Every structure is written in structure tokens, then in C-alpha cells.
Amino acid sequence: MLQCIYLLSDSGEVMLEKQLTGHRVDRSICAWFWDQSLSQGDSFKSLPVIASPTHYLFQIVRDGITFLACSQVEMPPLMAIEFLCRVADVLSDYLGGVNEDLIKDNFIIVYELLDEMIDNGFPLTTEPSILREMIAPPNLVSKMLSVVTGNASNVSDTLPSGAGSCVPWRPTDPKYSSNEVYVDLVEEMDAIVNRDGELVKCEIYGEVQMNSQLTGFPDLTLSFANPSILEDMRFHPCVRFRPWESHQVLSFVPPDGEFKLMSYRVRKLKNTPMYVKPQITSDSGTCRISVLVGIRSDPGKAIESITLSFQLPHSVSSADLSSNHGTVTILSNKTCTWTIGRIPKDKTPCLSGTLALETGLERLHVFPTFKLGFKIMGIALSGLRIEKLDLQTVPPRLYKGFRAQTRAGEFDVRL
Amino acid sequence: MAPPAASQRYPSPSQPSGKSEVSDLKTQLRQLAGSRAPGVDDSKRDLYKKVISYMTIGIDVSSVFGEMVMCSATSDIVLKKMCYLYVGNYAKGNPDLSLLTINFLQRDCKDEDPMIRGLALRSLCSLRVPNLVEYLVGPLGSGLKDNNSYVRTIAVTGVLKLYHISPSTCIDADFPPTLKSLMLHDSDAQVVANCLSALQEIWSIEASHSEEACREKESLLSKPVIYYFLNRIKDFNEWAQCLILELAVKYVPSDSNDIFDIMNLLEDRLQHANGAVVLATVKVFLQLTLSMTDVHQQVYERIKSPLLTLVSSGSPEQSYAILSHLHLLVVRAPFIFATDYKHFYCQYNEPSYVKKLKLEMLTAVANESNTYEIVTELCEYAANVDIAIARESIRAVGKIALQQYDVNAIVDRLLQFLEMEKDYVTAETLVLVKDLLRKYPQWSHDCISVVGGISSKNIQEPKGKAALIWMLGEYAQDMSDAPYILENLIENWEEEHSAEVRLHLLTAAMKCFFKRAPETQKALGTALAAGVADFHQDVHDRALFYYRVLQYDVHVAERVVSPPKQAVSVFADTQSSEIKDRIFDEFNSLSVIYQKPSYMFTDKEHRGPFEFSDELGNISITPEASSDIVPAQQYEANDKDLLLGIDEKDDNKGLSSNNGSAYSAPSLENSSNITSQMQELAISGPATSATTPQSSFGFDDLLGLGLSTAPAPTPSPPLLKLNPRAALDPGAFQQKWRQLPLSLTQECSVNPQGIAALTVPQSLIRHMQSHSIHCIASGGQSPNFKFFFFAQKESEPSNYLAECIINTSSAKAQIKVKADEQSTSQAFTTVFETALSKFGMP
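Those protein sequence lines, which keep their order, are chains A and B.
If you read the first sequence in full-length UniProt numbering, its first letter stands for residue 1, the second for the next number, and so on.
If you read the second sequence in full-length UniProt numbering, its first letter stands for residue 1, the second for the next number, and so on.
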């Protein structure tokens, strides 16, 4: 049972306070918390669950905003954290992001949302489609409307009936003149390449994201050509479990609008689309560094937005780096980013240069880890393919769209 | 660590200081209050917004309460919401003014818009002003009957709020039975879920003084109710599902079919997108199958994949919470995760708290087949930018080496670390090499040649330096220049700031002296002189002791300081298995995150609802049981020890062995103990050290949990010996009572003196305690008394639980015994009966 939720700005200021139960939590807890996280260095390093002298604190940080929840009683920690994540998601969905200005400008909406999301310390409704029916987002359209009609209320007049129906995620009877449904396979490749250039770990985390704008009460089935490659799946509550168990078919009544239908994992991939070959030699206080980046196995689509970033070790006093393709920037915190874009046809991109070590150091002892970033549109690297999407009753003017993309998640190349 | 005083530092200079702005607002609001001019709502809205933004940044705007209420007559719902928010925040401080709000809130409760009805009802219940409760009953009653589910949902929670303000009003209005019927019959899932949550809370609190509430609370755990919820679990939202799953954990299945039915019903919950639901389901599965070893194993296999997916899919905060639970499972059943070790590889961008957990798991899952890969991976982290993680990973390598897998390759790796010439890497590695040598003396030659090449000047950290000095002393005969290095160090005695290092220098000089006397004599003399003059008590005492024992007899001195050693077979675990089990029982709670059971960090009133009454009915907990619970503050100091935990303690262990006492005393944990230890040795010689007193685990002693670290059992005694200081908390007792099969039922008569003495339960409790049988709960009135006892074997943590019902009119006692070890339950029963038969005897 959560007793209080605070939203703190990146300077530790309390932007919002929502007491949830009769046991009020004094604001001084925030000051305690902030001192604590300052003493930890940066908030990124402080634990998500800590114990203050009076309360247990759960915190998550999103874009500099700390969501802090307090409790005095034992509760499942993951539940508190999941809930805070959900609050952050809903807010960023409503406000188009979370930052200090957005929250301060819209604090009434934030209060309204929290009011519906949690009552007496227990989470209530966190389903975005239902919330949106109760509290209209402050979007451009509603602003225009309020100017035109003079009705500034952002609260809809009707109560969501979804809460009472057997498909709580779907509002009652949405109507569209043209019926559209889009399915996106979005995959992230996580990989570790060790010092010897071996691929130690390579797996894909994928999501099936949908955007459904369908009239009435559609019943959909989505099937894959090769579902057996999926390691483990997590489903949106709308997915029926039995059809998946027996025939690996996703059968569901979708929520309205955008949502995540399922997430999955594909393990033990043998190959990455790109390689990174770093080399460092150091001798009497200077290091020569050279990094080659290229395509290992052509995925068949263009690899875009290639970047390579790494943190220069503390013992490096200055760096002189240049590349034969793309741009290299070094920030004051010694983060070095090499923006490559696409791989040119005629040459292999190469970053080279020298690092000067602090005086007294002969060789480099701490080595950087390179983080590779890339994006490939039009292909799911796991090899997962959608076979078909069927509707039980086909509405008029139906359009179905499919897309896929893969990007690098945590792609570490160690030196 | 006291909470800081309420701070007003937040309003920055750019923000209004408050006073004048608030009084401005007051006048403006007053002007608008009666106005019905068009557009007045807009101006009101702006003013309200200002008031609330002041409230949010911490300015006290309670002075406009009256004006806010006067302005609240409006049909605009946003205005209403802002007003409710304001009123909710300040009502408690202004009980008299709050009366003003009742009127308009009550009116809103009858509004035709269900949303306004709901919101008004919620605000009404959130005022929390005790003298206004009479106004709540009516609106709540009609709210519970409202035809809109939104209003009913809010009304149900409102009942719980009312209960917290005034339990008697809530009970007198007969709300709990209404909630119960709603729970079982309402069509809306959220209403049902809120009823469940409210009833659980109300009945748990009521159960302490009402038998009826107690029965009602138990009825929630009856088979029909549980199945009613589980069968329709998919209708509930994710949070309500968590609630139901938590209820299901407490359910005691009737047979194995029951267990399988529940698991089948819940299996797809493991696929849920919400991690909290998955973890709650995992808990149900684990608890249900505790008594079925094979199935329990299969459960691990089944839950592995969903948990691993959760780890890689969420935010770092979510990953952390899941990893903490996974950590618990991995440590319990490492072999099941042995092939998944790659999941625990650290990615560069992960926060260090995640990396740290992963390192621990890598250590836990290492076995013959994967050690090489894991150690290779860990070695890469040693060159990591994050120094704390680099250190941790070196320690992890060392721990794996101590687990006896593929030591050969690991020793090579460790020695390679020494070549990295990073001070902290070297220091950590030296500590590990030292521990390794204590376990595997056969590696000494390889290690010594490398260690000998390290210049002590390059090591700044006391722990590393101490480890090096220990090796110099221990292997003086193999390192040609050991005496000279020591001599060098001793000459710089004054510059050595760490007492730990100085202690080690003394011991090492002694050891070196026994092996190479001519070369060391001078250095030892200098060291002893410097030591005796040292301002640090321990150093002084040790130097003096060495000096005297040398004076007495050099051979005795050698026997004391440097006796022949046996290799350490297992380093003591920092956490007893009982504590680990306890944490496991508290799966999906904060205990897992903190890696210690809840009794160590929560005080009694903040623990979850007291659940002991399920089996024991209406009986009280004796002071014996609750005295185990030490207030939280007292724990803080110990908790810190625990948090430092593993690494620090390992080091200390290494240290304590240096005083030359036999190796079989890993229980010496503190360097401060050494001196007292030395004195003991001086009197009785090294032989006694084999039976050193119990460990210095602070918390163990505090709680009387000494059993887990008790000395090895003597050959089984003819008669069962019980531990006089046994401890078991009610939760663990209940758990065990539920899980263990009944081993014995016995009926015996109680002697008349005993019956005469048994006017109150306490008399028997005290008597049994003198026989090392402790009472955990007791109750009843003449003629029927009921007791729950427990006892533990002296030598090992094996528990006996007994239920004893004594009827004083028939002078009969009925005893039911459950035991961890079935074989000895007869022996225990004999002890128990003997003890009982002596009751009342002078």
C-alpha cells in the first residue's frame, strides 16, 4: 500500500505531492531522499528501493524527473515499481513527454490522473484507453475546441463503461469511417563481443506493436510463419491464452489505438549484421587507437544511423581522433561519439587517432567499451515473420499495414 | 540518520513568499463567490489553479479555506476536482471549517452524473475528520447500492477509509457484511477486487478481538472463495490480480489435485505483461509445491524463462526488482540456472546495482561446465571503467575459485591481474590469493613466485597490504627476501596508519623469525618494541603478548603463533540457511530486495497483517515470542554489518586466522576479538582454540539464533538435547506447522499438582521453558487450555513443533508433535512428556 507519491524535478524540488492514505507523509522525506541521492553521486546509481528512517521509498527516474513513492508497510516491491513506471508512461503519453515545464503547466491533469490511477494506496485503473475516456489529454485539438466552443473542460461527460464490460481495455463501440490496423515488429539486438572478438552473447528482444482503429468489437487473429523461434513471450491482457498454447495463434480483441500486443525474446543468434574492430596500442604515455566498422552479413536492407560511442578512460588526458567517414565529437565528460550514418560503398569507415595519457602513466590499464548503434528498417533480424492477420468480421474499407524494424539495443564491443 | 526537520527550502527566491499573494487570492475569491456573471467560472478556474499550485510548492494556503468552499457551488467538473483536492488536503487541519464542505459534498453525492457522485464520495471519505464520520454513513450506504460501478468501486474503498477513521461507526453500520455480499455477487470486477482488499484489511484488524471477524477472515481462504476468484482472475485488472494471487498464497490446498488445479488455472499468468503479476504467480507456484520436491523442481524450470525475459525487457528499476528475486532463486537452486549464465553477463550501460547482483549470480551458478566462460567474462570486467564493479568482479573470481571448480585456470587468471599494475586490482587480488592459499596450500609455489615480485610500495590499501604481509610471514621459507621486505616495512612503522597492517606485521615477523631466525631477529626486535609502544590497544597487547610468550619459551611461542595448519575446507557462509529460508518464505516482498528477513528491518506494527490466527484460533502470543523482535532502530547498526556482509567478513576471517590459532575457528570474526583470544591461548595452549566460543554474528546472538553456527555435533547423544536458546518466529512456526506432516499424537494425564498450578497459561509456559521447550502461542480459559510449543535440537537447527491441549477437568493432555526429523520425534515426545509430568512438582 503506497502512502504518498512525489514528483521531484532534477534539482530536487517537489513539483507535485499526492497523499494517498490517512497516514500523511511529511514532505521532509523528499529532502532526506534528495540528500541521500546527492551523496550517492548521481541518481542513476541510487537503488530503486531504499529504506529511510521512517519509510520505504521506491523511486524511478525518467528524463530527469524522479517519481518517488513512500510506504510504511510491507508490499511487493515490483508492484510499486511497476506502478510508478505506469504512471510515468501515462504522463508522458498525456503530456507528450515528461519534464519540469510540462508537469508544472499541467499539474491539474497530473492530479486528476493520479486520482483515478490509485485510490487509498492501491492501484486502480492504469489502462491508458480507459483513462483517456475519463480525462481528455491536453492536446492541440482539445485546446482548439475549447477556444472555439468556449468549453474549457478537459473532462469527458460520460463515464467509461469499459470498466464494467468484459474487455476492460476496450472503450465501448468506437466508430471509424475507415478501418485501419497496423502491425509493427520492433526488435532490439543486445550483444556482447569480447576482447578476442568473439560473440559472447547475442539475443533479440522484440515487441509486436499495433495501432488499431477499427469500428465496433473486432476479433483478430495474428499468426507467425515461424513461431517456434520465440523463446519466451509476454502478452497484453487481451490475448487469449488457449489458441496460443494449441496452435501458436494470437487471438484477441484489440484495445483502441496504439498498444503493445506482445513482447518476446529470441536467444542464441549466431550472427550480427555489423562488426567493430577496435585496436589499441600504447607506448610511453601515448596510445594509438583505430576502430574499423563494417558490415559482416548483409541483412538485405540498408543499415542506417550507425553510431559508435565510448567513454574515454579517466587516465586519458587528451584525445585527438579523426575518421575517414562521418563525424567525431568528444564531450567534456570524455564521452566520444562517432556518427557514421550509412556505410559508404567505396571504403570501410575507420576512426583513428592518439590518446595522451596522464603524466606518469606508461600504458593504458582501463579499456573503453564501445557501444554500437544502428537501425535497419524493413526487417526483423530475429527472422520472425508475420504470416497473416485475420478479422472475424471484415469491416468495410479495411486497410492492414505491416512493418518491421531492428535497432541495436545494448550492443557492447569490449576492448 | 534522523529525518530532517520539515524544510522550507523549496520555495526559491523567484517564487512568491506567500503571505501577500495568499491574501490577494482571498479577496479575489471572495468577490467571485456570489457572482453569477458569465465567464466567472474561467476566472475561478485561474484562481483555483493558483491556489493549488501554491499548495503544491509547499506554501500554506489553508487560510483561504472558507473562500474556496464558498466558491465551490459550480457545475464545472474541473473546478470541482480542484476544490476536492484542496479540501482533502486541508480538511484535517480545519475540522470546523470542514463542516462547511460536507453540505456541498453530500449534495454532489446525489448528482445525476456518476462521475461527480463518485468523486464527491471519494473526497467526502478522504476528509478524515473524526467528528464528521456520522455524515459519511448515509452517502456510503447509497454509494454501495449505486447502479454505476464507478461509484460502487469508490464507495467500497470509502468504507475502508471510514473504518480507519472510526472502526466502530463502520462496524455498527454493518458495512462489512454488505461488502461481503458485493464481493460475491457484484458483476464488476473492480468492485469485487476492492471489496476483497477492504475486507482483508478490516477483518485482519478486527480478528484480534472478535471471533466472528476471525472466522470471516478464514472464510476468505476457503476453497470455494479461492476458486471463485481464481476462476475469473482474467476479468480483473492487473493490480487486482496481484491482490488475488497474494490471497492464493495463503490458501492451504487440500491435496495434490488441488495444487495442480490451481497451477493449471494460473499458468498463463506467467505470460502476463505486468511483472508484478508474474512475480505474484511465481510465489504461488513456489509456495504450493514446497512439500513436493519433484514438482518444485519443475516449477523452477517453468518460471525461469518468464523471469529472464522480464529482466531483459523492463527499465533498470524493474530489472533490479526482478533480479533480486532471481538472485534468491539462483542461490537456492544454482544448477537449474547453470546453463543460463549468459543472462547474467553485465552490459556496459547497466546501473551498478544491477551489475552487482549479476556478479553475485554468476558466482552462484558457476559449476564444472561453465566456470571457464564465466571467469573469462569476469576477467574482462576487471579492466572496467567502474572501479567498484572491477573490484567486485575480482572478488567474484576468487569466490568461484574457492568453490573448487577448475582452480588451475583461475589461479593463472588471478596472477594475471597482478600484472595489470592497477593498485586496486592488485590489492583485491592479493586478498584473494591469500584466501586461496589457505584453502589450496598446494598452489603456494606458483603464487609465491609472482607475489614475491610485487613491491609493497605499490600497494596502498590496508587489506591488500595485510594480505601481502601475511603471505610473507607464512611463506618466509620460500621467498628469499621475505625478511628484508618485512624489515623494510617495520622500519616504516610510524608511517603505517592502519592498525590492521601493523598487527599483521607483528605476526608475520614472528612467523618469519621461527623459520629464519638469524635474518629476522633484529627486525622482530624492532617490531616488538614499536608494537609495545603503539597507541593502538590491540597492537600494543599483541606485541606484549608475543614478547612475553617468547620470553617464556620460544617453542611454545611457535606452537601458539605458527602451528601446523590444515587447509580450510569451507569458508563460513555469511548468512545462515535459516535466514535464507525465511527470506524465501517472504518471496515477493521487500525482504528479498534487502536480502534479509522482514523481522530484521521492520518493527512489529508495520509488518503485514498478522496472519497467525488461521490455525490457532483465538489465542494470544506470549511475550516470549514477541521478545524476539528487536525494535528497528536497534537493528540498524547490525544491518549495516550485514550490508557490508560478504566481502568484509571474508577479509576479517583471513585476519583472524593470522593470530596463529588453529584454522578450524572461522568463527573469529573481529580483529578486536583477537586479543582476548590470545589471552585464552596463553593460558591453555593452542588445543583449546578448536572449541572456540560461538560466532560473533551480532544478530544471531541478539536473537538467540546461535544454532546455525553452533559447533559441529558430538556423536549423537543418547537422550535428545534441546537448545535452551532456541528461537522461531510465529510466521516460520506457522509455515512449518502447515507443511510438516503429523508425526505423533499422544494422550497423557497431567498430575493433580500440575492441574492445580495451571490457573493461567503462563505458569506452564515458564515451566516448559526451563526444559528448553518454548511456547509460541497460548490461549484458552479453564478448563481448556491450548498451547503451541517449539523446541530445537541443541546441535543442529532441527525443529520440533507441538500442540498441546490440556483439559483441567479431566486432567488429560493431548499432544500433537511435528518434527523436521521424523526419526527423533519419539524422543522429543518423551522429553516433552517428562517435562509435563514434572509440572507442578516442587
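Glycine included, every Cβ here is placed at the ideal spot set by N, Cα and C.
This one's a predicted model, so the numbers in the text were calculated from it and none came from an experiment.
Contact between Ser-319 of chain B and Val-354 of chain B holds: CB atoms are separated by about 6 angstroms, below the 8 angstroms threshold. Here Tyr-300 of chain B is near Ala-333 of chain B, since their CB atoms are less than 7 angstroms apart. For Lys-81 of chain B, a Cβ of chain A is located within less than 7 angstroms of the residue's own Cβ. Nearest in C-alpha terms to Tyr-111 of chain A, of all of B:Leu-85, B:Ala-813 and B:Pro-597, is B:Leu-85. In summary, the residues of the region 400–425 of chain B whose CB is separated from some CB of chain A by less than 9 angstroms are Met-420, Glu-421, Lys-422 and Val-425, in the order they occur in the chain. The beta carbon of Lys-342 of chain B sits closer than 7 angstroms to some beta carbon of chain A. Using a C-beta cut-off of 8 angstroms, the region 150–159 of chain B makes contact with the region 179–188 of chain B, since at least three inter-stretch Cβ pairs fall below that distance.
For Glu-803 of chain B, there is no enclosing alpha helix (DSSP H); the enclosing beta strand (DSSP E) has its first and last residue at 799–807. Where Asn-211 of chain A is concerned, the enclosing beta strand (DSSP E) starts and stops at 199–213. Rounded to the nearest whole angstrom, the CA to CA distance from Glu-428 of chain B to Ser-39 of chain A is 25 angstroms.
Taking the beta carbon of Trp-443 of chain B as reference, no residue of chain A falls within 8 angstroms; the closest one sits roughly 25 angstroms away. Ser-743 of chain B places its beta carbon less than 7 angstroms from that of Val-817 of chain B. Looking at A:Glu-100, A:Arg-62 and A:Leu-185, the one whose alpha-carbon comes closest to that of Cys-85 of chain A is A:Arg-62. Taking all protein chains shown into account, Tyr-399 of chain A has fewer than 16 neighbouring C-beta atoms within 10 Å of its C-beta and is therefore exposed. The contact set of His-365 of chain A on chain B, defined by CB atoms closer than 9 angstroms, consists of Ala-383, Met-420, Glu-421, Lys-422 and Val-425 in chain order. For Lys-44 of chain B, the number of other beta carbons within 10 angstroms of its own is at least 16, and it is reported as buried. In the DSSP assignment, Leu-185 of chain A is bridged to A:Val-208 and A:Ala-404.
Of the candidates B:Ala-409, B:His-343, B:Lys-793 and B:Thr-759, the residue whose Cα lies closest to the Cα of Ser-772 of chain B is B:Lys-793. Using a Cβ-Cβ cut-off of 7 angstroms, Asn-120 of chain A counts as an interface residue toward chain B, since at least one Cβ of chain B sits closer than that to its own. For Gln-311 of chain A, the secondary structure class from DSSP, reduced to helix, strand or coil, is strand.
Look at Met-274 of chain A here: in three-state DSSP terms it is strand.
When the Cα atoms are used, Arg-391 of chain B and Pro-368 of chain A turn out to be separated by approximately 17 angstroms. Residue pairing by DSSP puts His-774 of chain B in a beta bridge opposite B:Phe-790. Of all residues in the region 36–70 of chain B, those with a C-beta nearer than 8 angstroms to a C-beta of chain A are Asp-42, Arg-45, Lys-49, Ile-52, Ser-53, Thr-56, Ile-57 and Gly-58, reading in chain order.
The beta carbon of Lys-434 of chain B is closer than 7 angstroms to those of Ala-467, Trp-470, Met-471 and Gly-654 in its chain, skipping five residues each way along the sequence. Closest in C-alpha terms to Pro-396 of chain A, from the list A:Asn-120, A:Val-316 and A:Pro-218, comes A:Pro-218.
Bounds of any beta strand (DSSP E) do not take in Phe-535 of chain B, whose DSSP letter is neither H nor E. The straight-line gap separating the alpha-carbon atoms of Asn-99 of chain A and Asp-105 of chain A is approximately 10 angstroms.
Cys-4 of chain A: member of the beta strand (DSSP E) spanning 4–8, first to last residue.
Taking Ser-589 of chain B as reference, the option from A:Lys-175, A:Leu-78, A:Leu-102 and A:Tyr-6 with the minimal CA-CA separation is A:Leu-78.
In the DSSP assignment, Gly-473 of chain B falls within the unbroken alpha helix (DSSP H) covering 462–474. Within the region 56–95 of chain A, the alpha helix (DSSP H) runs of at least 4 residues that lie entirely inside it are, in chain order, 77–95. Note that the C-beta distance between Cys-287 of chain A and Phe-310 of chain A is not below 7 angstroms. In the three-state DSSP reduction, Phe-370 of chain A falls in the strand class (E or B). Listed by position along chain A, the residues whose Cβ is nearer than 8 angstroms to that of Ser-313 of chain B are Tyr-205, Arg-234, Ser-263 and Arg-265. DSSP, reduced to helix, strand and coil, places Phe-235 of chain A within a strand of the structure shown.
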